[in-house]
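Residue numbers (this note's numbering), protein chains in the order written: chain A, -3 to 318; chain B, 10 to 346. In this text, a Cβ means the ideal position worked out from N, Cα and C, and glycines have one as well. The model shown is predicted, which means the values in this text are computed figures rather than measured ones.
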Amino acid sequence: MEMSKDKLLWMYERMQLIRTFENRVKVEFGKGKIPGFVHLYAGEEAVAVGICANLTDADYMTSTHRGHGHCIAKGVEPRGMMAELFGKATGTCKGKGGSMHIADMDKGMLGANGIVGGGPPLACGSGLTAKVNKTDQVTICFFGDGASEQGTLHESLNLAAIWKLPIVFVAENNGYAESTPAHYHCSVENIADRAAAYNMPGVTIDGNDIFAVYEAAHEATARARAGKGPTLLECKTYRFNGHFEGDAQTYKIATENEKYQKERDPLKLFRDNVLPRRLMSEAELKAIDDRVAAQIDGAVKFAEDSEFPDVRETYTDVYVSY
Amino acid sequence: MAERQLNFGQALNEAMRQEMQRDPKVILMGEDVAGGANIEHLDGDEAWGGVLGVTKGLVKEFGRERILDTPISESGFIGAAVGAAVTGLRPIAEMMFVGFMGVCFDQLLNQGAKLRYMFGGKAKVPVVIRTIYGGGFRAAAQHSQVLYSLFTHIPGLKTVVPATPYDAKGLLISSIRDDDPVIFFEDITLGAMKGPVPEEPYAIPLGKADIKRPGTDLTIVAIGKMVHHALKAADELQKQGKSAEVIDPRTLSPFDEETVLQSVQKTGRLVVVDESHPRCSMATDIAAFIADKGFDYLNGPIKTVTAPHTPVPFSPPLEDHYLPNPQKITQAALSLF
């Protein structure tokens, strides 16, 4: 598929931003600077970025507990995200949500979600809003292989199908629901094969190949915008880290992680694609690497330098009216 | 000229109709709320309009783009109502019986109630969940529950329980206009109850109790259908020379503590009537904060009249024994003198 230079630059920068952000979060978490839990997206960048390359700020997205990559791909500002993880008042959610609840309504990012399967019904809601308002906004509903077994997903697939909602459901199959492998918990080999049960198209894709993801998403978003209803995409991918940071990952086969990082890293696959074809140069890629590194350094400094919220903030934003 | 009388269900219907006329962002969804989706001959008055007919006729006026029949997918459509609300619509979603909350609780507990807070105030969720509650019609344990106490417990939700057709219309209009998620409880046995209801739209503020009967010797706080039992008990008590003030909170969250405190300051005695189970209920909640803030006003203990700590039995004599009634309220009141 033909892609403009601008789009290629954007794709690489977004993926690098996610990778650098997540690797840095790992470091800062290790130092004790980030309270609570983090669930890292490193290794899955091509999915979020390949999908979001088809979106605008007006489009909606629901996400998961592993939401940092979705946020960055959708255009949420990394500075505010880092401050949110640190629990500071300058965080995207004023420090009141944390890693699992980062949201940016201006970018249509309806929140990372701490409940597995919590997103799909909300996606039916934003899809319904677009339909009632007769806009061409599309909703991307990210969920994991774990959530594929949650009742909420199945209700949402059916509801989206009968109401022809403008949604692209994206199963990020990274092979594990926490420590339980997909080949155990999932009754089918390919989650996308379940699409037929809901009378919608289903496509299984190599989720580490950003061009394959982009192309499938291009078709699915166009379908949705044209009022033809939902699609179920399954992106096979892999997470380089544990379910949560601190997870010993004993359930992974010893050499598996190393193999994926060496051979299936989406950033490496992108380089291997564009460089030989001279779509981009080493210098351009390096310039992006440097810019992103500086940006993330800046984000951490911003987070460190920011204040915690005043304790009175505990009592605000519960209701609109009081 | 006689005031126009509507029954409870008609009052609710009118509230929804008038709000939907006023604001195109208001939509309604739920199981059979129109009825007979995809069946061509059923778009008129023949369609169910809700299991109790409360939403009858709305699909004829507003069409199936705004009145949406749903599959039996509570997680799906209650969650969709939350998602639609957070993206700019003002949905009313019907949870047919409050006992069904079990199959979709996450969508309210962890999503609807908390999105605004977790997102640092950058979202609002103006959704109304209307639900049928209460016992007394022999529908047995799963279909006769009260459960407003569970929702009142959750920060981020508001809970509203009207007792009369007048309150039903005014409170539903306010709930629809409110920018927060409201769980709106409709007692199953009050459907046919008639009362004066003004034709023009009117909004009764949430968080404001109503003194249904002024009195001087004791305060009875009663919720929903219990208001009518309390009024009957008050008549009986009057014959025995005791003047009871009956307060209907109307909104449970936020609760109008001030009205109850002022009353208890006047009377010195309090009975709380709540169809809930006794543990962790509105009755115990009200008793606790009045015992704290109104301690100096009280001449004796706070009495609660509730259902027992059992599921709702099916057999009529058992269910009648289970439910609070005017006699139990009168007994509790007299024990304070």
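Asked                                                                                                                            : Found
Residue range of the unbroken beta strand (DSSP E) whose run includes B:Lys203                                                   : 203 to 205
Three-state secondary structure (DSSP) of A:Thr312                                                                               : coil
Three-state secondary structure assigned by DSSP to B:Ile141                                                                     : strand
C-alpha gap between B:Leu181 and B:Asp187, whole angstroms                                                                       : 10 Å
Beta carbon proximity, A:Ser95 to chain B, threshold 7 Å                                                                         : no
C-alpha gap between A:Pro197 and B:Asp32, whole angstroms                                                                        : 36 Å
Alpha-carbon to alpha-carbon, B:Phe114 and B:Met10                                                                               : Only weak support is given to the placement of B:Met10: the predicted model assigns it a pLDDT of 49, under 50, and the question is left unresolved by the model.
Test: A:Glu73 CB closer than 7 Å to a CB of chain B                                                                              : no
A:Arg75 in three-state terms, based on DSSP                                                                                      : helix
Identity of the residue in B:Pro214, B:Gly204, B:Ile311, B:Pro210 nearest B:Val191 by Cα                                         : B:Pro214
Chain B residues whose Cβ lies nearer than 7 Å to that of A:Thr312                                                               : Gly130
7 Å Cβ cutoff met for A:Glu324 and A:Met11                                                                                       : For chain A, the structure presents residues -3 to 318; residue 324 of chain A sits outside this window and is missing.
Neighbour list for B:Lys337 in chain A, Cβ cutoff strictly below 8 Å                                                             : Correct list: empty, because the minimum Cβ distance to chain A is about 35 Å.
Inter-stretch contact at 8 Å, needing at least 3 Cβ pairs: the stretch 284 to 300 of chain B / the stretch 239 to 249 of chain B : no
Whether B:Asp219 touches B:Thr276 by CB criterion (7 Å)                                                                          : no
Host alpha helix (DSSP H) of A:Arg10 (start-end)                                                                                 : 1 to 26
Local Cβ density within 10 Å of A:His120, reported as buried at 16 or more and exposed below that                                : Correcting the residue type first, residue 120 of chain A is Cys in the shown sequence and not His. Buried, by the Cβ-count rule.
Supposed contact pair A:Gly91 and A:Ser59 - C-beta distance, whole angstroms, cut 8 Å                                            : No, A:Ser59 and A:Gly91 are not in contact; Cβ-Cβ is about 19 Å, not under 8 Å.
At least three beta-carbon pairs within less than 8 Å, the stretch 221 to 241 of chain A to the stretch 173 to 193 of chain A    : yes
Beta-carbon proximity of A:Ile136 to A:Met77, cut-off 7 Å                                                                        : no
Selected residue, minimal CA-CA separation from A:Arg267, among A:Met105, A:Gly294, A:Asn204, A:Glu151                           : A:Asn204
C-beta neighbour in chain A for B:Gly97, strict 7 Å                                                                              : yes
First through last residue of the beta strand (DSSP E) which encompasses B:Ser183                                                : B:Ser183 -> not in any beta strand (DSSP E); alpha helix (DSSP H) instead, spanning 174 to 186.
Rounded distance between the beta-carbons of A:Phe236 and A:Phe33, thought under 8 Å                                             : With a Cβ gap of about 17 Å, A:Phe33 and A:Phe236 do not count as contacting.
The stretch 138 to 152 of chain B contacting the stretch 188 to 207 of chain B, beta-carbon criterion three pairs below 8 Å      : yes
Reduced DSSP category for A:Cys231 - H, G, I as helix; E, B as strand; rest coil                                                 : strand
Minimum length 3: unbroken beta strand (DSSP E) runs contained in the stretch 32 to 73 of chain B                                : 35 to 39
Proximal residues, the stretch 129 to 158 of chain A versus chain B, C-beta separation under 8 Å                                 : Asn129, Gly147, Thr148, Glu151, Ser152, Asn154, Leu155, Ile158
Backbone secondary structure at B:Thr339 - three-state DSSP                                                                      : helix
Cβ-based contacts, 7 Å cut-off: residues of the stretch 113 to 127 of chain B near chain A                                       : Asp115, Gln116, Asn119, Gln120, Leu124, Arg125, Tyr126, Met127
CB of A:Tyr180 within 7 Å of CB of A:Asn154, strictly                                                                            : no
Nearest-angstrom Cα separation, counted from B:Val170 out to B:Gly392                                                            : Nothing about residue 392 of chain B can be reported from this structure: the residues present for chain B run from 10 to 346 only.
Any C-beta of chain B under 7 Å from that of A:Leu118                                                                            : yes
Buried/exposed call for B:Gly224, threshold 16 Cβ in 10 Å                                                                        : buried
CA-to-CA distance, B:Val321 to B:Ala149, given in whole angstroms                                                                : 6 Å
Classification of A:Lys258 by the beta-carbon crowding that lies within 10 angstroms, buried from 16 upward                      : exposed
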